[in-house]
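Below is one structure, written out as structure tokens, with a few remarks after it.
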């Protein structure tokens, strides 16, 4: 899920543990949610390759222990403004088309906007 209001990229601890990737880097970041509650990330996963259809991007993710979010409607990975910026995401709400760009390659995808 992309979130224009999110200033970071987030991945759940359960997904991190299922991947064969580098160890987490320690962080002293404290995240404050809209409701005022605070979360302490388990760490930062740096310079991870993220593939969206045929495009591949580098991104950093804060890893959070998201206990109780196993519902089928739960979005596992939150892509915030850092990812939106590097992927040059553009959304044409009128046409319902999302486009991304990397290294002069553009990907366009018809999306359902509600």
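Residue numbers (full-length UniProt numbering): 1 to 114. Ideal Cβ placement from N, Cα and C applies to all residues, glycine included. Since the model is a prediction, treat every value here as computed from it, not as a measurement.
- Residue 84 and residue 4 have their C-alpha atoms some 8 Å from each other.
- Counting C-beta pairs closer than 8 Å gives three or more between the segment 39-50 and the segment 13-30, which meets the contact rule.
- For residue 17, the secondary structure class from DSSP, reduced to helix, strand or coil, is helix.
- A distance below 7 Å separates the beta carbons of residue 16 and residue 63.
- Per the C-alpha coordinates, the member of 58, 9, 97, 14 positioned closest to residue 67 is 14.
- Secondary structure of residue 90 (DSSP, three-state): strand.
- As a beta-bridge residue in DSSP terms, residue 11 pairs with 63.
- By the neighbour-count criterion, in which 16 or more other beta carbons inside 10 Å mark a residue as buried, residue 19 falls on the exposed side.
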